[in-house]
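Student: Residue numbers (the UniProt record's numbering): 1 to 237. The beta carbon of each residue, even a glycine, is placed where N, CA and C say it ideally should be. Nothing here was measured: the structure is a model prediction, and the numbers come from that model.
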């Protein structure tokens, strides 16, 4: 009697867990898409590995949304095959999420070095490649910074400062920006970019690991229900 009561409780909990999983799947997809879209704005400055981490999160969310269907049906119908399928697929998803989380934290710690490599490659191409020019101008205006470590980077690379290195709200004489200008941005763009990318990858890792904890409980409940179904030798087809 007590066991039947506990199994009914497990079924209800597992059903609620799967509704929660479906929601977390949507959240993972939205977070992955948001971070990937944000990174796309700076794709010329960002290593491709950052896009891989967000893609893993999107894939995990999509699979979770589908897997939750097996969990709900298996719990309601007491179908051992579906419950076991749910457990196996959820374990696979947890591995993907773990990979996303680890990748996020590893990349967060390597952000400065990875950005350095990409950013230095674009500096000398500023005058010749339109996309690079647009991106650099947008970054310097948005973060109110100039160059990788400061204005001197532009002088060394192209011999002059882009207009975007100065505050556009002021009046620039002859639409030029010089090292003597009172409107010159002196902050490092490296610092600003590193902060933004590091924060995003840390969020990615945090979301992945937080959801793994809840999913582990889901696997425990599913295994318990599957063991009960096998023990009672009853399965609804």
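So residue 161 and residue 179 are supposed to be a Cβ contact under 8 angstroms. How far apart are they, rounded?
Tutor: Walking along the chain shown from the start, residue 161 turns up at place 161. Walking along the chain shown from the start, residue 179 turns up at place 179. So it is a contact: roughly 7 angstroms between Cβ atoms.
Student: Where does residue 106 land, buried or exposed, given buried means 16+ other C-beta within 10 angstroms?
Tutor: As a first step, residue 106 must be located in the chain shown, where it is residue number 106. That one is exposed.
Student: How far does the alpha helix (DSSP H) with residue 156 in it reach, from first residue to last?
Tutor: Here residue 156 corresponds to residue number 156 of the chain shown, with the count starting at 1. Its alpha helix (DSSP H) spans residues 152-158.
Student: Please state if the CB of residue 125 and the CB of residue 132 are separated by a distance shorter than 8 angstroms.
Tutor: Along the chain shown, read from residue 1 onward, the residue named residue 132 stands at position 132. Along the chain shown, read from residue 1 onward, the residue named residue 125 stands at position 125. Their beta carbons are under 8 angstroms apart, which means residue 132 touches residue 125 by this criterion.
Student: Drop a sphere of 10 angstroms on the beta-carbon of residue 11, count the other beta-carbons inside from all chains shown, and report buried for 16 or more, exposed for fewer.
Tutor: Reading the chain shown from its first residue, position 11 is the one you call residue 11. Burial call: buried.
Student: Going by beta carbon distance, what residues of the same chain come within less than 6 angstroms of residue 16, once the five residues before and after it are set aside?
Tutor: In the chain shown, counting from the first residue as 1, residue 16 sits at position 16. So no residue of the chain qualifies.
Student: Please state the DSSP three-state secondary structure of residue 18.
Tutor: Sequence index remark: in the chain shown, residue 18 carries index 18 (1-based). Here residue 18 sits in helix by DSSP.
Student: Which residues in the same chain have their Cβ closer than 6 angstroms to the Cβ of residue 207, if we skip the five residues on either side of it in sequence?
Tutor: Your numbering for residue 207 matches position 207 in the chain shown. Here the set comprises 31.
Student: Could you pull out every residue in the same chain whose Cβ sits closer than 8 angstroms to the Cβ of residue 212, ignoring the five residues on either side in sequence?
Tutor: Numbered from 1 along the chain shown, position 212 holds the residue referred to as residue 212. Within the same chain, residue 212 has close Cβ partners 94, 97, 98 and 101.
Student: Can you tell me the Cβ-Cβ gap for residue 223 and residue 192, rounded? I've got them flagged as a contact below 8 angstroms.
Tutor: Translated into positions along the chain shown, residue 223 becomes position 223. Translated into positions along the chain shown, residue 192 becomes position 192. Actually they are not in contact, since the Cβ atoms of residue 223 and residue 192 sit about 48 angstroms apart, beyond 8 angstroms.
Student: Using the beta-carbon count (16 or more within 10 Å), is residue 23 buried or exposed?
Tutor: The residue given as residue 23 occupies position 23 in the chain shown. That one is exposed.
Student: Is it the case that the Cβ atoms of residue 199 and residue 118 are separated by a distance below 8 angstroms?
Tutor: Locating residue 199 in the chain shown gives position 199, counting from the first residue. Locating residue 118 in the chain shown gives position 118, counting from the first residue. Contact: no.
Student: Could you have a look at residue 177 and say whether DSSP puts it in helix, strand or coil?
Tutor: Start at 1 with the first residue of the chain shown, and residue 177 comes out as number 177. DSSP places residue 177 in strand when its eight states are reduced to three.
Student: Would you grab the beta carbon distance between residue 123 and residue 157 for me? Rounded to a whole angstrom, and I think it's under 8 angstroms.
Tutor: In the chain shown, residue 123 corresponds to position 123, counting from 1. In the chain shown, residue 157 corresponds to position 157, counting from 1. At roughly 5 angstroms, the Cβ-Cβ gap stays under 8 angstroms, so residue 123 and residue 157 are in contact.
Student: Would you say residue 29 and residue 54 are within 8 angstroms of each other, going by their C-beta atoms?
Tutor: As a working mapping, residue 29 is identified with position 29 in the chain shown. As a working mapping, residue 54 is identified with position 54 in the chain shown. Not closer than 8 angstroms, so no.
Student: Measure the C-alpha to C-alpha separation of residue 56 and residue 20 and round it to an integer number of angstroms.
Tutor: One-based indexing of the chain shown puts residue 56 at position 56. One-based indexing of the chain shown puts residue 20 at position 20. Looking at the two C-alpha atoms, the distance is approximately 20 angstroms.
Student: Who are the near neighbours of residue 175 in its chain, counting only those whose CB is closer than 8 angstroms to its CB and skipping five residues on each side?
Tutor: As a first step, residue 175 must be located in the chain shown, where it is residue number 175. Taken in chain order, the residues that qualify are 163.
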